[in-house]
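Residue 46 in numbering that gives the first Met the number 0 sits at position 47 of the sequence shown, and the numbers go up by one each step. Notes for the one structure printed next.
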Amino acid sequence: MRDRTEEVRERGFTDHVLVCTNDRDSEYAACADTQCDDVYDEVTAWLRERDVFWSRVHVAETSCLGLCSADGTAVAIHPRGRWYSDVRPGDVPALLEGEFGPDADRLNVGSDAPATGSD
Ligand code: FES
């Protein structure tokens, strides 16, 4: 095992957006039954437009976040410890703007990573 925490912090990475794309063969709702792929695409597009995608903010599809709903996708943002459910593609800009600021210049909230700004 390698502890790569410092290496990642030195790169300026501050946040991780997790988008649930879990599917299940059961009677219970799963994010795969919502527009989760479109939510994921909206997240990455918003971050790319602000030039922070994978430089400052990582994005990953994930399995169940425990917020299953037929009404939208579950999204978590860490390390700030934020959890959303029922997210639809059209919700993504407001969600990310609320978390990161309109220009994605609030990227160190909830992190003990060194403040590096968004320049
Ligand atoms: S299936 Fe997405 S939160 Fe459970």
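Ideal Cβ placement from N, Cα and C applies to all residues, glycine included.
#1: Using only CA atoms, which one of A28, R10, S25, C19 lies nearest to D36?
#2: For Y83, which residues does DSSP report across the bridge?
#3: Short of 8 angstroms in beta carbon distance, which residues of its chain neighbour H57, apart from the five on each side in sequence? Order them along the chain.
#4: Leaving out five residues before and five after T61 in sequence, what residues of the same chain have Cβ atoms less than 6 angstroms from its Cβ?
#5: Anyone know if the C-beta pair for S68 and A28 falls short of 8 angstroms?
#6: Which parts of the stretch 24-77 are runs of the beta strand (DSSP E), unbroken and 3 residues or longer, counting only runs that do not cross its ends?
#7: For the ligand FES, I want to know if G80 counts as a neighbour, meaning its beta carbon is within less than 7 angstroms of at least one of the ligand's heavy atoms.
#8: Buried or exposed for P88, going by 16 or more other Cβ atoms inside 10 Å?
#9: Please check if any C-beta of chain D sits within less than 8 angstroms of the C-beta of E6.
Concretely, from the data shown:
#1: For this step, residue 36 is matched to residue 37 along the sequence shown. Among A28, R10, S25, C19, the Cα nearest to that of D36 is on C19.
#2: Working through the sequence shown from its first residue, we reach residue 83 at position 84. For Y83, the pairing in a beta bridge is given by DSSP as V74.
#3: Counting from one through the sequence shown, the residue named residue 57 turns up at place 58. Answer for H57: F12, D14, H15, V16, listed in chain order.
#4: For the purposes of this step, residue 61 is taken as residue 62 along the sequence shown, with counting starting at 1. Counting only Cβ-Cβ distances below 6 angstroms, and skipping sequence neighbours, we find L17, C19.
#5: As a position in the sequence shown, residue 68 is number 69, starting the count at 1. As a position in the sequence shown, residue 28 is number 29, starting the count at 1. A contact, by the Cβ cut-off of 8 angstroms.
#6: Runs of the beta strand (DSSP E) inside the stretch 24-77: 56-61, 72-77.
#7: Within the sequence shown, numbered from 1, the residue matching residue 80 stands at position 81. Flag unset: Cβ of G80 not near the ligand FES.
#8: Along the sequence shown, one-based indexing puts residue 88 at 89. It is buried - the Cβ of P88 has at least 16 other Cβ atoms within 10 Å.
#9: Any reference to chain D falls outside this structure, which holds one protein chain only.
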